[in-house]
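What follows is a set of notes on a single structure, which appears directly below.
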Amino acid sequence: MAGERDVKRRIKSVENTRQITRTMELVATSKMKRATDRVHAARPYASGLQDIVRGLYSPGLADRYPILRRPEETKRAAVLLLTANRGLCGAFNSNLIRQARDLIDKLRADGIETELHIAGKKGVAYFRFRGEEMLTQRTDMSDTPTVEAAESLTGPIRDRFERGEVDAVYLVSSEFRSAMSTPPRTRELLPIEGDEGASSVDAYILSPSADGILEKILPAYVRNAVYTALVENAAAEQGARRTAMKNATDNAGDVLNHLTRTYNRARQAQITQEIAEIVGGSAALE
Amino acid sequence: MAGPLSVRVVSPDRIVFEGKAASLVAPAWDGKVGVLPRHAPMLTLVGSGELSIDRPGGGSDSFHVDGGVLKVERDQVTLLTEYADDRPA
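In structure tokens, the structure reads:
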């Protein structure tokens with residue numbers, strides 16, 4: 001029989017694979033737990049900062065602060081894409097890359113020069129393969145993002161915006177809705193969206209002044225948007241990996257069932273054949 | 287009503303302190319600023335230095351904070367700081 005030994009070898013191999021994917025699933029689950037905690041821990045600061053910026057914003061300030069400038073026409077845009085450093089997480093990276101790709105195509109179709117800033121090995125590898133020029137290529141973002149890492153990523157792009165070298169900055173990253181749902185999302189990082197005329201701090205003692213506070217807070221605000229995106233992205237990556245590895249483990253189980261059945265059938269067929277041969281042989285002797 | 291202050295000290299990656307306080311002294315950008323219950327609404331930049339929070343029953347907590355902004359509104363005190371640890375400055 002062609003099958004028996006080959007099937008046995010394949011069963012062994014699938015069992016090994018299942019062992020590995022199950023382990024990766026467990027690792028991703030525990031990493032995701034910690035990453036999710038970080039996502040939740042980052043929210044109070046983000047929402048507090050947003051309240052303050054919204055409260056202080058007034059359209060008149062835009063003329064004085066480069067970071068608040070609202071270009072009348074967007075000539076040049078920057079796209080900041082956050083991907084993972086590692087694969088084996090289903091369509092996580094390809095979804096993000098597709099989202100960025102669509103955005104870039106759309107911007108270029110509108111006649112806007114678009115420059116790329118990529119963090120994460122997977123994104124960098126893709127755009128290098130495509131022969132795209134990247135102004136930032138970062139592959140050193142860890143699973144546990146720090147504020148310093150976010151600053152080092154954001155600072156140069158923010159400076160380019162302030163100097164007027166780009167008129168808009170888009171951030172493409174994963175939104176962490178739940179472990180199962182981590183859709184890619186595009187956000188406009190700069191110019192900062194303010195609620196016009198929503199200034200709610202008139203009754204406040206402001207020290208030094210609304211301008212003085214904004215000058216310090218706005219860079220932190222932009223940086224923190226990237227920091228939260230990094231944290232969410234890390235959690236989403238682990239969530240996607242867990243789902244992918246769970247599917248792989250389940251599939252390996254199905255394949256094993258199928259192979260075991262094939263193996264048993266082949267073994268049965270061989271036994272039947274041997275018996276038939278013995279019976280045939282002894283019948284011939286009589 | 288001059289109840290205790292509700293204080294929240296938040297850094298980018300965690301809530302450093304959350305609780306009631308009788309008063310607190312924070313390092314503002316241009317010197318220390320004290321906050322007691324019924325303080326007027328205030329928004330000020332925070333410099334680097336020691337934040338000390340006096341608990342209602344006595345005793346106090348102190349933290350080292352660096353940068354950020356302090357907001358006081360109706361006895362709710364929120365300090366968003368870029369960096370904080372438990373070590374006194």
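Chains as they are written, first to last, in the numbering used here: chain H, 1 to 286; chain V, 287 to 375.
The C-beta atom is built at its ideal place from N, Cα and C for all residues, glycine as well.
Contacts that residue i makes with chain H (C-beta to C-beta distance below 8 Å)
i, result
"V/S297", "Y45"
"V/L291", "Result: empty, since nearest Cβ-Cβ is about 16 Å, beyond 8 Å."
"V/A314", "S207"
Residue closest to residue i, alpha-carbon to alpha-carbon, out of the options
i, options, result
"H/G212", "V/V332, V/D352, V/R341 and V/E368", "V/V332"
"H/A203", "V/M328, V/D347 and V/R341", "V/M328"
"H/G48", "V/Q362, V/G289, V/F349 and V/A312", "V/Q362"
"V/L355", "H/L206, H/N93 and H/S181", "Sequence inspection shows Val at residue 355 of chain V; the Leu mentioned does not correspond to that position. Taking only the C-alpha atoms, the option nearest V/V355 is H/L206."
"H/T29", "H/A234, H/D6 and H/L116", "H/A234"
"H/L190", "H/E215, H/R158, H/K216 and H/F176", "H/R158"
"H/R130", "H/R101, H/R43 and H/E73", "H/R101"
"H/Y291", "H/F176, H/L218 and H/E148", "As displayed, chain H neither begins before 1 nor continues past 286, which places residue 291 of chain H out of reach and without an answer."
"V/S309", "V/D371, V/S292 and V/F349", "V/S292"
"H/K106", "H/T186, H/Q19 and H/Y263", "H/T186"
"H/D167", "H/G87, H/E73, H/E232 and H/L26", "H/E73"
"H/Y227", "H/L26, H/K31 and H/S173", "H/S173"
"H/D110", "H/F127, H/T139, H/T136 and H/R76", "H/R76"
"H/A210", "H/V53, H/P156, H/E165 and H/P71", "H/V53"
"H/E165", "H/R43, H/R18, H/P71 and H/R261", "H/P71"
"H/A220", "H/I67, H/C89, H/L103 and H/E277", "H/I67"
Chain-ordered neighbours of residue i on chain V, where CB pairs are closer than 8 Å
i, result
"H/T38", "Inspection of the sequence shows that residue 38 of chain H is occupied by Arg rather than by Thr. By Cβ distance, chain V contributes D299."
Per-residue contacts from residue i into chain V (C-beta, under 7 Å)
i, result
"H/A35", "What H/A35 touches in chain V: nothing, since even the nearest Cβ is about 12 Å away."
"H/L81", "Neighbours of H/L81 on chain V: none; closest Cβ ~22 Å, over 7 Å."
CB contact check: residue i to chain V, cutoff 7 Å
i, result
"H/I52", "yes"
"H/S58", "no"
"H/L49", "yes"
"H/A42", "yes"
is_contact[residue i, chain H] using C-beta, thresh 7 Å
i, result
"V/V321", "no"
"V/L310", "no"
"V/M287", "Low confidence applies to V/M287: its pLDDT is 49, below 50, so where it sits in the model is not reliable, and the reading given next is rough at best. With 7 Å as the cut-off, V/M287 does not count as an interface residue toward chain H."
"V/L365", "no"
"V/A375", "Because the pLDDT of V/A375 is 46, which lies under 50, any placement of that residue in the model is unreliable, and the number read from its coordinates should be weighed accordingly. Output row for V/A375: interface = no."
"V/D372", "no"
"V/A307", "no"
"V/P327", "yes"
Distance between beta carbons of residue j and residue i, contact taken as under 8 Å
i, j, result
"H/L80", "H/V169", "6 Å"
"H/T182", "H/A229", "Incorrect: roughly 12 Å between the Cβ atoms, too far for contact."
"V/R300", "H/A41", "5 Å"
"H/P184", "H/N247", "Not a contact, Cβ separation roughly 20 Å."
"H/V14", "H/Y263", "In fact, because the Cβ distance is near 12 Å, the residues do not count as touching under 8 Å."
"H/L116", "H/F127", "6 Å"
Amino acids of chain V, ordered along the chain, whose beta-carbon sits closer than 9 Å to that of residue i
i, result
"H/V147", "S297, P298, D299, E368 and Y369"
Any non-hydrogen atom of the ligand GDP closer than 6 Å to residue i Cβ
i, result
"V/M328", "In the structure shown, the ligand GDP is absent, as is every other ligand, since no ligand is present at all."
Min CB distance residue i to chain A below 7 Å
i, result
"V/F349", "The structure shown contains no chain A; the protein chains it does contain are H and V."
* Taking a Cβ distance cut-off of 8 Å, strictly less, list which residues of the segment 197 to 228 of chain H are near chain V, in chain order. => Taking 8 Å as the Cβ-Cβ cut-off against chain V, the residues of the segment 197 to 228 of chain H that qualify are V201, A203, Y204, I205, L206, S207, P208, G212, I213, K216, I217, A220, N224 and Y227.
* Closer than 7 Å, Cβ to Cβ, to anything on chain H: give me those residues from the segment 335 to 361 of chain V, in chain order. => Residues of the segment 335 to 361 of chain V with a C-beta atom less than 7 Å from some C-beta of chain H are V355 and K357, listed in chain order.
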